[in-house]
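Engineer: Below is the structure I would like to discuss, written out as structure tokens.
There are 2 protein chains.
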Amino acid sequence: MRIEATTIKDIAHALGLSKSTVSRALRDSYEISDMTKQLVLGYAKTINYTPNPIAVSLKARKSKSIGVVVPEIADSFFSQVINGIESVANEKGYTVMITQSLETEEGEINNISFLALRSVDGCLASVSEETNDFSHFCDLHKKGLPIVFFDRIVECVQSHAVTVENVQAAYEGTAHLLKNNYRKIAFIANAPNLYITTKRFEGYLKALREYGVPYDENMINYCPHGGRYYEEVESVLKSLLSKQHRPDAIFLSTDKLTTSFLRCCKNLGLKIPEDFALVGFSNLDITDLMQPSLTVLRQPAFEMGRRAAMLLIKAIETKRTDIDCENECLPAQLIIGDSSKARCLAS
Amino acid sequence: MRIEATTIKDIAHALGLSKSTVSRALRDSYEISDMTKQLVLGYAKTINYTPNPIAVSLKARKSKSIGVVVPEIADSFFSQVINGIESVANEKGYTVMITQSLETEEGEINNISFLALRSVDGCLASVSEETNDFSHFCDLHKKGLPIVFFDRIVECVQSHAVTVENVQAAYEGTAHLLKNNYRKIAFIANAPNLYITTKRFEGYLKALREYGVPYDENMINYCPHGGRYYEEVESVLKSLLSKQHRPDAIFLSTDKLTTSFLRCCKNLGLKIPEDFALVGFSNLDITDLMQPSLTVLRQPAFEMGRRAAMLLIKAIETKRTDIDCENECLPAQLIIGDSSKARCLAS
DNA sequence: CTGAAAGCGCTAACAC
DNA sequence: GTGTTAGCGCTTTCAG
């Protein structure tokens with residue numbers, strides 16, 4: 000700010016002390032007499048002194064702040080995670096800098112180097128779907144920057160991670176459809192390279208296997224842009240409709256896909272669950288108000304943010320980035336709505 | 000970062016020049032020979048030099064960054080605004096620091112002083128509903144920090160502002176209900192002290208007046224917590240139900256109120272629009288998928304963010320914070336759904 | 001055209 | 001206990 004704040008120099012000057020004495024008194028150093036401390040602290044309070052964080056950062060090469068890289072802020076899941084992160088960061092006196100990659104690798108590279116340059120003490124990241132080369136994370140991590148990945152983690156970087164029980168969640172969602180007598184279940188996910196995609200696919204397969212339903216690769220669909228473009232989802236839907244063995248149910252791997260797909264169905268005049276039963280991941284808090292109410296897998300987003308931030312701060316404060324990476328894995332919740340209503344077999 | 004980056008000193012050393020020459024060469028100063036510039040620039044590129052923004056900030060007392068204070072990130076409207084802000088900030092080479100007040104005055108004070116201390120060059124803000132004393136904004140603004148308010152602006156601070164045409168929007172929403180033969184229209188808003196509340200109320204009144212419908216103050220309800228607590232909305236709904244002249248339609252002043260109210264209705268077994276017709280502000284992008292599809296007033300959130308950021312950057316770069324405050328006012332859009340379907344008068 | 005030196009606000013040896 | 005000094009990385013007078 001061009002705004003002139005009070006500095007240590009001001010205090011030193013006013014009290015006839017040296018800058019270092021003031022500095023030490025402010026940080027309650029053992030070498031300063033109680034009297035002087037009282038004096039300095041008292042005066043500092045009256046003139047409303049706050050240390051200049053920029054100067055501190057420059058000196059200390061750290062900033063008591065953590066950086067966050069998410070694909071997109073305007074997303075129910077990520078914004079809830081951010082709230083979780085902020086809640087522990089605030090408790091622990093850390094500042095949070097939020098950046099979004101907008102799902103591009105370039106954005107992600109810019110973000111992480113921006114943050115590193117800004118002396119964040121550590122980073123929380125969920126990778127963009129476009130990213131295949133993770134060296135921007137690797138390099139910084141190797142140089143000692145603590146990084147905790149969440150949700151969309153990168154397995155090749157040996158670091159802490161917080162995820163949801165993806166396999167189990169997808170398994171439960173798919174099994175729920177199977178129990179409700181759906182048999183031809185299509186799987187729609189975003190970019191196939193994402194950790195969450197492969198894990199959720201695994202859970203889907205597991206359920207099929209367990210229920211003795213043969214795997215049909217025609218049922219597997221990817222939207223590399225995660226359903227951000229309407230056309231992308233629409234073309235998947237149309238291709239499903241044109242298949243000889245048209246699916247009777249759909250498993251959707253992410254938030255945006257779930258709602259985009261529902262919109263497509265509506266536009267094409269399809270009925271849910273009559274034409275397709277739907278189960279999808281979603282962290283929107285209004286899936287119960289939709290038409291029909293959606294059966295969703297909800298991630299404990301806020302808690303994930305909290306855990307990730309706690310892991311990160313622990314890593315920062317113990318400086319042991321190298322070894323014993325912790326992986327926390329939280330359960331998702333299956334919330335049953337009308338979009339997956341049991342099918343009557345009588346027909 | 001503990002991460003050691005290359006500095007001007009490294010370049011100077013490697014090239015046998017002085018730090019100042021390198022610094023000047025990098026900023027393309029006229030006093031440096033072309034040859035030296037080539038040399039420095041070339042070398043800087045090979046070692047991948049980036050100026051340390053912290054050092055620059057300390058020196059320059061500005062940071063090529065702008066701060067954002069919103070009540071809450073996990074909100075469709077605000078997250079869209081943030082995207083708009085980022086889009087112009089990135090274009091213009093500014094970094095965005097996002098903070099949330101979580102609707103508390105204390106959080107807001109912390110945020111804005113945090114940002115000022117971090118040498119942001121200017122701020123974008125939408126005030127918390129709890130805030131009544133705006134001196135934290137006033138003080139910084141007087142000291143020369145450019146501030147642009149958006150959506151929830153504060154009129155007593157003489158500064159730039161971007162809003163939606165609140166009066167007109169609320170008027171259109173209410174008029175739409177009146178046209179559809181609803182006559183007893185309740186108004187539900189959040190904190191009555193907010194700019195958006197008073198303006199939207201004004202529009203509501205205007206419509207009533209124009210359609211010759213008498214104003215009934217029993218129809219006016221405030222949720223000081225903006226519908227973040229379910230009980231708050233439920234108690235409003237129950238009080239409406241208990242009234243002698245029960246309303247036949249509801250105008251909802253914000254996003255969260257709109258969806259919370261719908262949820263309450265559902266829980267109490269009420270039918271929309273039969274029991275109540277609904278029109279509300281909302282920037283959720285799935286109001287068309289709800290049951291029933293909602294008639295909403297949608298704000299051009301992304302564009303508001305863009306405009307606000309452009310105003311701010313202009314203010315920063317021209318340093319004229321004092322005079323000629325610009326107020327931009329964008330139209331909202333009425334999107335008609337089933338929640339306000341015309342009532343048959345036959346009954 | 002280039003260099004030396006001071007200083008942004010703060011901390012931390014190293015004196016006394 | 002307290003002061004002096006140097007330095008984090010950078011810009012910017014002021015000298016040459």
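Chains A and B, in that order, give the protein sequences. If you count the first sequence from 1, position 225 lands on 224 in numbering that gives the first Met the number 0, and the numbers rise without skipping. If you count the second sequence from 1, position 169 lands on 168 in numbering that gives the first Met the number 0, and the numbers rise without skipping. Just so you know, even glycine gets a beta-carbon here, dropped at the ideal spot from N, CA and C. Given the structure is predicted, the values throughout are model-derived calculations rather than measurements.
1) Taking a cut of 9 Å between CB atoms, which residues from the segment 200-213 of chain A lie near chain B?
2) I need the boundaries of the beta strand (DSSP E) containing residue 297 of chain B, first residue and last residue.
3) Would you grab the beta carbon distance between residue 167 of chain A and residue 330 of chain A for me? Rounded to a whole angstrom, and I think it's under 8 Å.
4) Could you tell me whether the segment 171-181 of chain A touches the segment 232-242 of chain A, using the rule of 3 or more Cβ pairs below 8 Å?
5) Based on Cα-Cα distance, which residue from A:104, A:305, A:209 lies nearest to residue 83 of chain A?
6) Within the chosen definition, does the segment 38-57 of chain B reach the segment 114-123 of chain A through at least 3 CB pairs nearer than 8 Å?
7) Using DSSP bridges, identify the partner residues of residue 124 of chain A.
8) Have a look at residue 342 of chain A and residue 229 of chain A and give me their C-alpha separation to the nearest angstrom.
9) So, does the CB of residue 190 of chain B fall closer than 8 Å to a CB anywhere in chain A?
10) Between the Cα of residue 220 of chain A and the Cα atoms of A:209, A:211, A:203, A:208, which residue gives the shortest distance?
11) In the DSSP output, which residue or residues are listed as bridge partners for residue 327 of chain B?
12) How big is the Cα-Cα spacing for residue 140 of chain A and residue 134 of chain A?
13) Verify the CB distance criterion: does residue 25 of chain B have a CB-CB separation below 8 Å to chain A?
14) Residue 270 of chain B: which of B:211, B:284, B:279, B:291 sits nearest, CA to CA?
15) Report, in whole angstroms, the separation of the C-beta atoms of residue 282 of chain A and residue 254 of chain A, which I expect to be a contact under 8 Å.
16) Quick one: what's residue 95 of chain B bridged to in DSSP?
17) Decide if residue 46 of chain B is buried, meaning its Cβ has at least 16 other Cβ atoms within 10 Å, or exposed.
18) Are there three or more Cβ pairs, one per stretch, closer than 8 Å when the segment 86-105 of chain A is compared with the segment 292-299 of chain A?
19) Span of the beta strand (DSSP E) holding residue 222 of chain A?
20) Should the segment 301-315 of chain A be regarded as contacting the segment 196-211 of chain A, the criterion being three or more beta carbon pairs within less than 8 Å?
21) So, for residue 284 of chain A: in the same chain, excluding its five sequence neighbours on each side, which residues have a beta-carbon less than 8 Å away from its beta-carbon?
22) Please report the straight-line C-alpha distance between residue 11 of chain B and residue 326 of chain B, rounded to a whole angstrom.
23) Output the distance between the C-alpha atoms of residue 340 of chain B and residue 99 of chain A, rounded to the nearest integer angstrom.
24) Can you check which of these residues, A:112, A:60, A:114, A:279, is closest to residue 337 of chain A by C-alpha distance?
25) By the criterion of Cβ-Cβ separation under 9 Å, what are the contact partners of residue 258 of chain B in chain A?
26) From the DSSP output, in three-state form, read off residue 81 of chain B for me.
27) If you draw a straight line from the C-alpha of residue 187 of chain B to the C-alpha of residue 105 of chain A, how long is it?
28) If contact means a Cβ-Cβ distance below 8 Å, which residues of the segment 38-58 of chain B contact chain A?
29) Would you mind sorting residue 15 of chain B into buried or exposed? The rule is 16 or more other CB atoms within 10 Å of its CB.
30) Where DSSP assigns a beta bridge to residue 250 of chain A, which residues make up the other side?
31) Are residue 233 of chain B and residue 190 of chain B touching if we call contact CB-CB under 8 Å?
32) Can you give the beta carbon distance from residue 307 of chain B to residue 161 of chain B, rounded, assuming they're within the 8 Å contact cut?
33) Using 10 angstroms around the beta-carbon of residue 0 of chain B, count the other beta-carbons present and answer buried if the total reaches 16, otherwise exposed.
34) Under 8 Å, do residue 184 of chain B and residue 250 of chain B count as touching if we go by C-beta distance?
35) Between the C-alpha atoms of residue 97 of chain B and residue 122 of chain B, what's the straight-line distance to the nearest angstrom?
36) Strictly below 9 Å CB to CB, what residues from chain A border residue 338 of chain B?
Structural biologist: With the structure as the only source:
1) none
2) 294-297
3) 7 Å
4) no
5) A:305
6) yes
7) A:68, A:148
8) 29 Å
9) no
10) A:203
11) B:161
12) 9 Å
13) no
14) B:291
15) 6 Å
16) B:65
17) exposed
18) no
19) 219-222
20) no
21) 75
22) 48 Å
23) 40 Å
24) A:279
25) 284, 285, 288
26) helix
27) 44 Å
28) 49, 51, 52, 53, 54, 56, 57
29) exposed
30) A:186, A:278
31) no
32) 4 Å
33) Note on residue 0 of chain B: pLDDT 45, under 50, position unreliable in the model; the coordinate value appears next. Burial call: buried.
34) yes
35) 10 Å
36) Here the premise fails: no neighbours, minimum Cβ distance about 11 Å.
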